[in-house]
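So the sequence shown is residues 345 to 448, counted in the numbering used here.
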Amino acid sequence: MFIFDPFHSAKDVTLFEVAREDHFAPVKNAPGSAADSPEAARAALLQQGARWVAAAGGSLAEGVAGVEVPPLLSYAGEGLQDLVGGKVVGRAGEEAVLLDEKSL
């Protein structure tokens, strides 16, 4: 079954165009595969968080590759300015950071 298969049964269909890198990271291959692997999906999620931190005026500590932003903290990067604006997120040498008060 594909995403568009139920369209013919629907009364109305609404679509939204979104940035692929913000909303799609398939996991269809085994760990260690070059593409569409669990590692690739994790990297995409961490890079998204890093973009949100940068857009909110924050920066990452040296060596930090990405940030996980919990959905209860921000759904799409909104509201992060007060938390990370002008601050460095993480500690040097950490590969990834879970964004919370301890990571600032």
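Where a beta carbon is used, it is the ideal one built from N, C-alpha and C, also for glycine. Bear in mind that the values here come from a model prediction, so they are computed numbers and not experimental data.
Nonlocal neighbours in the same chain, by C-beta distance under 8 Å from residue i, ignoring five residues either side
i	result
serine 381	Val371, Asn373, Ala374, Pro375
alanine 400	Gly421, Leu424, Gln425, Leu427, Val428, Gly429
glutamate 438	Ala405, Gly407, Val408
Residue j beta carbon less than 7 Å from that of residue i
i	j	result
glycine 393	glutamate 406	no
valine 397	glycine 434	no
alanine 363	alanine 385	no
lysine 431	leucine 417	no
Coarse secondary structure for residue i, derived from DSSP in three states
i	result
alanine 399	helix
leucine 410	Sequence inspection shows glycine at residue 410; the leucine mentioned does not correspond to that position. Strand.
leucine 448	coil
leucine 442	strand
leucine 390	helix
lysine 383	Rather than lysine, the amino acid found at residue 383 in this sequence is glutamate. Residue state, collapsed to three classes: helix.
proline 370	coil
proline 350	helix
Cβ-based neighbour list, residue i, same chain, cut-off 7 Å, excluding 5 preceding and 5 following
i	result
valine 357	Phe351
Element boundaries [alpha helix (DSSP H), containing residue i]
i	result
leucine 427	425-428
glutamate 449	The structure shown does not extend to residue 449, since the chain spans only 345 to 448, so no value can be given for it.
Beta-ladder partner(s) of residue i, from DSSP
i	result
valine 433	Leu404
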